[in-house]
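Student:
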Amino acid sequence: WMLKVYFCFFFFPPQVLLLACAEDLECVPGFQQKVFYIEKPFEFTEDQLVLKLKFDDCKGNNKLNFEVSNPDFVVEPDGSLVALRNVSEAGRALFVHARSEQAEDMAQIFILEANEKRGTLKEILKLEGNLGIPRQKRAILATPILIPENQRPPFPRLVGKVIRSEGTEGVKFRLSGKGVDQDPKGIFRINEMNGDVSVTRTLDREAIANYELEVEVVDTIGKTIDGPVRLDISVIDQNDNRPMFKEGPYVGHVMEGSATGTTVMRMTAFDADDASTDNALLRYNILKQTPTKPSPNMFYIDPEKGDIVTVVPPALLDRETMESPKYELVIEAKDMGGMDVGLTGTATATILIDDKNDHPPEFTKKEFQATVKEGVTGVIVNLTVGDRDDPATGAWRAVYSIINGNPGQSFEIHTNPQTNEGMLSVVKPLDYEISAFHTLLIKVENEDPLIPDIAYGPSSTATVQITVEDVNEGPVFHPNPMAVTKQENIPIGSVVLTVNATDPDTLQHQTIRYSVHKDPAGWLEINPTNGTIGTTAVLDRESPFVQDNVYTALFLAIDSGNPPATGTGTLHITLEDVNDNVPSLYPTLAKVCDDAKDLRVVVLGASDKDLHPNTDPFKFELSKQSGPEKLWRINKLNNTHAQVILLQNLKKANYNIPISVTDSGKPPLTNTTELRLQVCTCKKSKMDCSATDALHISLTLILLSLLSLFCKSFA
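Residue numbers for the sequence shown, in mature numbering (1 follows the signal peptide of the UniProt record, and there is no 0): -18 to -1, 1 to 697.
(1) Less than 8 Å between C-beta atoms, sequence neighbours within five positions excluded: which residues of the same chain meet that for G543?
(2) Leaving out five residues before and five after I472 in sequence, what residues of the same chain have Cβ atoms less than 7 Å from its Cβ?
(3) Between P434 and chain B, is any beta-carbon pair separated by less than 8 Å?
(4) What does the Cβ neighbour count give for Q14, buried or exposed, with the cut at 16 atoms within 10 Å?
(5) Which value, in whole angstroms, describes the spacing of the CA atoms of V32 and T150?
(6) Thinking just about the alpha-carbon of each residue, which of T272, T330, L264, Y282 is nearest to the one in G319?
(7) Within 10 angstroms of the Cβ of F227, are there 16 or more other Cβ atoms? Answer buried if so, exposed if not.
(8) From this set, A257, V233, D253, which residue's C-alpha is nearest V246's C-alpha?
(9) By a C-beta neighbour count over all protein chains shown, 10 Å radius and 16 as the cutoff for buried, is E356 buried or exposed?
(10) List the endpoints of the continuous beta strand (DSSP E) containing F55.
(11) Mind checking whether the beta-carbon of E429 lies closer than 7 Å to any heavy atom of the ligand PLP?
(12) Tell me the rounded alpha-carbon separation between L359 and I395.
(13) Judging by CA-CA distance, which residue of H341, F393, T27 is the nearest neighbour of V409?
(14) Between T250 and the rest of its own chain, which residues show a CB-CB distance below 6 Å, the 5 nearest in sequence each way excluded?
(15) Should Q448 and V354 be called a contact, given that it needs their Cβ atoms to be closer than 8 Å?
(16) According to DSSP, E344 sits in a beta bridge with which residue or residues?
(17) Here's the rule I'm using: 16 or more other beta-carbon atoms within 10 Å means buried, otherwise exposed. How should M464 be labelled?
(18) Using 10 angstroms around the beta-carbon of P343, count the other beta-carbons present and answer buried if the total reaches 16, otherwise exposed.
(19) Taking the DSSP output, what are the residues bridged to L269?
(20) Where do the ends of the beta strand (DSSP E) carrying S497 lie?
(21) Quick one: what's got a C-beta closer than 7 Å to F696's C-beta in the same chain, skipping five residues either side?
(22) Select from T326, F350, L412 the residue whose C-alpha is nearest the C-alpha of G404.
(23) Once you ignore the five residues that flank A96 on each side, which residues in its own chain have a CB closer than 8 Å to its CB?
(24) From P231 to I313, what distance separates their C-alpha atoms?
(25) Applying the criterion that 16 or more other CB atoms from any shown protein chain within 10 Å of the CB defines a buried residue, is S82 buried or exposed?
(26) Span of the beta strand (DSSP E) holding I215?
(27) Tell me whether the beta-carbon of E238 lies closer than 8 Å to the beta-carbon of R301.
(28) I'd like to know whether the C-beta atoms of K16 and A89 end up nearer to each other than 8 Å.
(29) Report all residues from its chain with a CB closer than 8 Å to the CB of N192; omit the five preceding and five following residues, and keep chain order.
(30) Here's the rule: buried if 16 or more other CB atoms are within 10 angstroms of the residue's CB, otherwise exposed. What is L139?
(31) Around the Cβ of L46, are there at least 16 other Cβ atoms within 10 angstroms (buried) or fewer (exposed)?
(32) Assuming contact is defined by CB atoms lying nearer than 8 Å, are R523 and T511 in contact in what I supplied?
(33) Counting only runs of 3+ residues fully inside the region 392 to 425, write out the beta strand (DSSP E) ranges in chain order.
(34) Can you look up A262 in the DSSP assignment and give me helix, strand or coil?
(35) Closer than 8 Å is the cut-off here; do at least three beta carbon pairs connect the region 528 to 542 with the region 565 to 572?
(36) So if DSSP puts K143 in a beta bridge, which residue, or which two residues, is it bridged to?
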């Protein structure tokens, strides 16, 4: 038996390239083609046919089912791969799995970017190596053919001939390649009997300039006898394309006053015709200049390079005297080396005359006036200047500076970016009583330096006369804030401090009265006349109104002006600690099992609101125990903690143990606290204290009961 194999191209939207077509004399179960390459579209649209798959299990495809790796796609029963919705990103590959009762197989669809290189069919399938095509001795003469583009009908036209040295009897010529049996198909054909080559339509060199075809000689049954050999067809250029300016818009800049011959910009056009012929040989020319002043020929263009240069003296390139600093030139490019028969294309070049700093800024007047109230900050006057340079450049933007009259740095000046004015501001409040008048000398310059032959003149400086108006200022405390240290618990009515406030308006001779503004704890009062602050309550360092041992209050000083002005003073009282808080004990409840082996019941801690040395070390003591046996003891662990230890196991009950704690203050303070001890029943790691309340026993009750029995026995 003989195995026949056929290879072919099939195209489906969007540009689906089938890389292998195989047909065997015997049916091979599975996909008849397993690998596909498609060009990635901008978007797969809903219901779009991507490609068509062919699956055959050689048994009728009973119960055939398809599955696609991407859920946005589906394979219909006839093998059509279809998009279910609009898909802009489908990944790099799709996998299709097919299964029937008799067979299953996998197909792969690779999605390539538009500019991604695909291998040729020969590279992908390795045809020569895999199929063993024999190399033939060539006896075909196929000389290159030249065809002018834009030929007119009738077609077909004979354009060349292929010759076989061994004759043409009993054989046929066969032509193949791009332009024959590959897109664009049908442009060329060959007479099978005599080798005449014809063209069937008009050619466009700018679309395809060269065709590489193959010619072979076959026998009557299609078997190759000679070839294939290469047949080159070249399309001869005609001047059918106008020059085009593709890189616009074209904008150039030249500095005012530039020397004659200064290059401004380059204009370059493109001609799609053959660059090796006059069809694409371009020459440039200026057709029109707008405006035409001060000269109708301000610029010249190099006819070969397209460079635009200035041709007027530097004095005519004066931006400030021009009708407009912008010129528009209509540039023409003509092919055929500029001959009259050449085709033309035009574009507009815009040339901007850039400003240079040849005009210094000048104040609109020599002296400016301003009035400001004392104690007020902000802008007090705007200084105006004129400048003939371009407002969009650093040659126009002004920079102001104060060169005299500002020793205390009370003034600053900044440029308004919109108006270019100088905004003079008071940054430190002025005092009328110190100085009622100020004189400043202001200088203005440009951001960019002036050109060498230009200098700043007298008009670039100005004087500002500033008048300060008197206002009623509030009294000022000295110092502020005020600080004093006092011991807490000093007697009510004690003097804390006498404050001092003065009136800045020394020329007005006003009186000052004092009042309390903010006293959070209500501990203080102030004499309205002399400012003496006294206590109206006990000062407590442990009060929540005291932060970090400091109590803060605010006071007012009010002058007799109309209207009156007020000043605020802050007083910080640092409170020294005294031993006025007894220590406290914690915890006050403990539990222990009645059969406990570890009789260390609880660790007790002590704390004190006072400060050291009025706190620890603490002294822990038990009240005196009565009865034949002592039930517990207390051991000191450190300066702040002690441990209660049972001396024997006790019955289930509640016991109240009086414990006294004494601090280290002078004199020391003692606090007695009852520790409630619950003795509970413990079984299986569970503690039961429910019945202890009914058996509550305290040392105090025990002592009273024993005393009562003792008294009755002697009665």
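Glycine included, every Cβ here is placed at the ideal spot set by N, Cα and C.
Tutor: Reading off the structure:
(1) N454, D487, Q490, Q492
(2) T517, L521
(3) Among the protein chains of the structure shown there is no chain B, as only one such chain exists.
(4) buried
(5) 46 Å
(6) L264
(7) buried
(8) V233
(9) buried
(10) 55 to 57
(11) Among the ligands in the structure shown, none appear at all, so the ligand PLP cannot be discussed.
(12) Correcting the residue identity first, residue 359 is Thr in this sequence and not Leu. Approximately 13 Å, taken between the alpha carbons.
(13) F393
(14) G288
(15) It should be pointed out that residue 448 corresponds to Ile in this sequence rather than to Gln. It is a contact, given that the beta carbons lie within the stated cut-off.
(16) G368
(17) buried
(18) buried
(19) None; L269 has no bridge partner.
(20) 494 to 500
(21) Unreliable positioning characterises F696 in this predicted model, as indicated by a pLDDT of 40, which lies under 50. A coordinate reading is not provided.
(22) F350
(23) E21, K22
(24) 12 Å
(25) buried
(26) 206 to 218
(27) yes
(28) yes
(29) D214, I215, S216, V217
(30) The sequence as given places Arg at residue 139; Leu does not occur at that position. By the 10 Å Cβ count, R139 comes out exposed.
(31) buried
(32) no
(33) 393 to 397, 404 to 408
(34) helix
(35) no
(36) D178
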